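Under this note's numbering, the sequence shown is numbered contiguously, ending at residue 138.
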Amino acid sequence: MTSRLGSKASRVNDPTGFRVLLVDDDESILEVISAAFEHHGYGVLEARDGSEALVRAERDAPDLVVLDLVMPRRSGFAVLDRLRQRHATHPPIIVVTANTDPRHEQFAHDHGADAFFRKPFDIDSLLQTAADLLKNGR
Numbered sequence: 001m002t003s004r005l006g007s008k009a010s011r012v013n014d015p016t017g018f019r020v021l022l023v024d025d026d027e028s029i030l031e032v033i034s035a036a037f038e039h040h041g042y043g044v045l046e047a048r049d050g051s052e053a054l055v056r057a058e059r060d061a062p063d064l065v066v067l068d069l070v071m072p073r074r075s076g077f078a079v080l081d082r083l084r085q086r087h088a089t090h091p092p093i094i095v096v097t098a099n100t101d102p103r104h105e106q107f108a109h110d111h112g113a114d115a116f117f118r119k120p121f122d123i124d125s126l127l128q129t130a131a132d133l134l135k136n137g138r
């Protein structure tokens, strides 16, 4: 398949054009996820709490957000709601959490999450889900 440089199709086949905002207060998890996305050619933006996530999302307009739910300063729940209400481009959002309460997954989906992963998760599954969401425009 041939496509013009910069088109959405070429960006999916060569994801280097996509920027992913990774939001987690756990430095070790952030490092692992960041390294995996960078290894696959994604541009990576990082935030370590909910307030920083909203600033980065507004300023940098990521193509995809990977969002932890339990964080300081502003919870992932609040960030999810705010991104869905205010962010102009409505990027796909993948929620990740260590919490096992099934209500968190339901809440995340009810408030606009496109995918949900419980920690620990398979990094390849996360990457595949991200690629699928970007390819399908959600």
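Quick reminder that beta carbons are idealized off the backbone N, C-alpha and C, glycines included.
Just so it is clear, the structure is predicted and the values come from calculations on it, not from any experiment.
- Between the stretch 17-24 and the stretch 54-74 there are three or more C-beta pairs closer than 8 angstroms, enough to call the two in contact.
- The shortest CA-to-CA distance from Ala113 to any of Ile123, Ser125, Val79, Pro120 is the one to Val79.
- Annotation for Arg59: the continuous alpha helix (DSSP H) segment containing it runs 50-60.
- A straight-line Cα-Cα distance of about 15 angstroms links Leu69 and Phe121.
- Under the DSSP assignment, Asp132 falls in the alpha helix (DSSP H) whose first and last residues are 123-135.
- When only Cα atoms are considered, Asp26 and Ala36 end up about 16 angstroms apart.
- Here Val95 is bridged, per DSSP, to Leu67, Phe116.
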